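Presented below is the structure to which this report refers.
2 protein chains.
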Amino acid sequence: MMEVESQLFDCNKCAFKTISCHYIGDDEFEIIRQLSVQLQFEKGETIVKQGSKSTHLIFLHKGILKFTYHNQSGKNFIMTIVAGPKLLGGANLFFKNTNIFSLVAIEKCDICLIDERAFKNTLVKHGNYLLILFEKTIEMFQSSIFNFISLAHQQVNGRIADILIYLSEEVYKNQGYEFTLSRKEIAEFAACSHENVITTLSKLNKEGTITLVGKKIIINDLNKLKEISKRS
Amino acid sequence: MMEVESQLFDCNKCAFKTISCHYIGDDEFEIIRQLSVQLQFEKGETIVKQGSKSTHLIFLHKGILKFTYHNQSGKNFIMTIVAGPKLLGGANLFFKNTNIFSLVAIEKCDICLIDERAFKNTLVKHGNYLLILFEKTIEMFQSSIFNFISLAHQQVNGRIADILIYLSEEVYKNQGYEFTLSRKEIAEFAACSHENVITTLSKLNKEGTITLVGKKIIINDLNKLKEISKRS
DNA sequence: CCTTTAATATTAAATATTTCATATTTAATT
DNA sequence: AATTAAATATGAAATATTTAATATTAAAGG
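Protein chains in written order, with the working numbering: chain A, 819 to 1050; chain B, 819 to 1050.
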């Protein structure tokens, strides 16, 4: 983690400020801003640790991170993967005083730690603002719920197909993308063994449905993936 | 579904009113109440249908219902099961204009349909009220997320053990309970075949960990169930 | 009361998945 | 450049799970 002397990004151009100031005054935002800290995390660094106390909301300004959960037996599990800009708070941090998930950077992440108390004070004064945040939070939940549904009644190749589609459409927003996730991480997302991921990806690669070159993946036949997802 | 002439339950003694009137005035609640309708649903009846438009929040006054999802291939899946009194809205109905899950009664349910618009109008005026509802909604999400986690990295017997514990602790609130769910429904909750459920329950019954008598189930050895959940 | 249907139960065969063993490639470190 | 560790890859054996076939029991309808 790197604390930043000069600002990482300009608060006046930040998406969080833009949304916020539709509902609250610049002066009110300034109070929140002054209690906020910008930080940068490298790939692999833990931003929030499962089990720790939650005292801040997190605005993911730029970058990609994963929500992870690990159980007593030491198994890791990826709940969802999100790309900035996005406010992370409702799920993990808002009301539970200990975090139920960890947040770990998958790519370099520019984030902003927002003091929860100052933020809540402002929120309760602006119902419409709170309503919008509520909505955004629910949306994020839904994206992970759809992964769970896929996971619950699809077989491994269908789940992996779904993950490839999700990453393409919601995270990297491109048909081809630099694949910063290891096979092991995809396994933690798809809830299967990493061998299974490797086998499935190799097969898709050989078929030509996707192309794997080094760390890069290109989805050649999106319909085929959707078909696999449907029928498995 | 039965529309009720005389009131099913007294609005003045309703838990929803009690919570609400900590934050809003009786006169404001009265406006919401007048736009609300009491309904009774029998076991098996669909209260809200996946895909339909959502125009109301639902307060589950009394009873037990399931959140279900069915995919294109016709497979059903139970997301979670909840017992009243509980406000259902944030997840399914609040912001999406079509419902992404169905709600189906597992036991006789007394519910109250609350006009969404009237409710929202009041909410935005009372930040603290909205914040509490936000919190309750997130809590409900979390309970289903823990089921998903169990589902994601446990084997079938561990998942079934978890479901038995969940039903005992969160839904029926008793070590023994009248089991209104069929084996098929447990299978839809545990995301496995119903044969698997039957085999697992029979085994637990023979071992003495649980006792099955007709529709009744008694958990004799909670620790054993928790152990199964841990090690699978 | 009889008939039909649905739910519960059990087993064997088929399939899916994980685990294990081992090899190769890639990346990181000295 | 050599060494080590990590990631990727593959196949066989072990295990878990589903499917299918069939029987029994309980519930529902005429």
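Glycine included, every Cβ here is placed at the ideal spot set by N, Cα and C.
Since this is a predicted model, take the numbers as computed values, not measurements.
The alpha helix (DSSP H) enclosing residue i, as first and last residue numbers
| i | result |
| --- | --- |
| residue 900 of chain B | Element bounds for residue 900 of chain B: not the alpha helix (DSSP H) but the beta strand (DSSP E), 894-901. |
| residue 960 of chain B | 945-971 |
| residue 982 of chain A | 974-984 |
Pair within 9 Å by beta-carbon distance, residue i and residue j
| i | j | result |
| --- | --- | --- |
| residue 1043 of chain A | residue 983 of chain A | yes |
| residue 861 of chain B | residue 924 of chain B | yes |
| residue 899 of chain A | residue 1007 of chain A | yes |
| residue 1024 of chain A | residue 976 of chain A | no |
| residue 967 of chain A | residue 856 of chain A | no |
| residue 774 of chain B | residue 1004 of chain B | Past the edges of chain B, shown from 819 to 1050, lies residue 774 of chain B, and the structure says nothing about it. |
| residue 1016 of chain B | residue 1028 of chain B | no |
| residue 1071 of chain B | residue 970 of chain B | Residue 1071 of chain B cannot be examined here, being either before or after the span of chain B that is shown, 819 to 1050. |
| residue 842 of chain B | residue 921 of chain B | no |
| residue 952 of chain B | residue 952 of chain A | yes |
| residue 992 of chain A | residue 986 of chain A | yes |
| residue 874 of chain A | residue 832 of chain A | no |
| residue 1021 of chain B | residue 995 of chain B | no |
| residue 905 of chain A | residue 877 of chain A | yes |
| residue 918 of chain A | residue 825 of chain B | no |
| residue 847 of chain A | residue 903 of chain A | no |
| residue 927 of chain B | residue 869 of chain B | no |
| residue 863 of chain A | residue 907 of chain A | no |
| residue 901 of chain B | residue 988 of chain B | yes |
| residue 1026 of chain B | residue 1041 of chain B | no |
| residue 948 of chain A | residue 948 of chain B | yes |
| residue 872 of chain A | residue 915 of chain A | yes |
| residue 944 of chain A | residue 945 of chain B | yes |
DSSP bridge partner residues for residue i (one or two, in chain order)
| i | result |
| --- | --- |
| residue 871 of chain A | A:916 |
| residue 888 of chain B | B:894 |
| residue 940 of chain A | DSSP lists no partner for residue 940 of chain A. |
| residue 842 of chain B | Its beta-bridge partners do not exist; DSSP assigns none. |
| residue 923 of chain A | A:883 |
| residue 826 of chain B | According to DSSP, which records beta bridges pairwise, residue 826 of chain B is partnered with nothing at all. |
| residue 864 of chain A | A:922 |
| residue 836 of chain B | None; residue 836 of chain B has no bridge partner. |
| residue 1034 of chain B | B:996, B:1031 |
| residue 878 of chain B | B:904, B:929 |
Boundaries (first-last residue) of the beta strand (DSSP E) holding residue i
| i | result |
| --- | --- |
| residue 933 of chain B | 927-933 |
| residue 855 of chain A | 855-859 |
| residue 807 of chain B | In the structure as shown, chain B begins at 819 and stops at 1050. Residue 807 of chain B is therefore absent and cannot be evaluated. |
| residue 904 of chain B | 904-906 |
Residue i CB to nearest heavy atom of the ligand HEM below 8 Å
| i | result |
| --- | --- |
| residue 900 of chain A | Because no ligand of any kind appears in the structure shown, any question about the ligand HEM cannot be addressed here. |
- Message: Using a Cβ distance threshold of 8 Å, determine whether the stretch 940-950 of chain B contacts the stretch 833-849 of chain B, with at least three qualifying pairs required.
- Response: Three or more Cβ pairs closer than 8 Å define a contact, and the stretch 940-950 of chain B meets that threshold against the stretch 833-849 of chain B.
- Could you pull out every unbroken alpha helix (DSSP H) segment of at least 4 residues lying fully inside the stretch 993-1020 of chain A, listed in chain order? Runs of alpha helix (DSSP H) with 4 or more residues, each lying fully within the stretch 993-1020 of chain A, are found at 1001-1008, listed in chain order.
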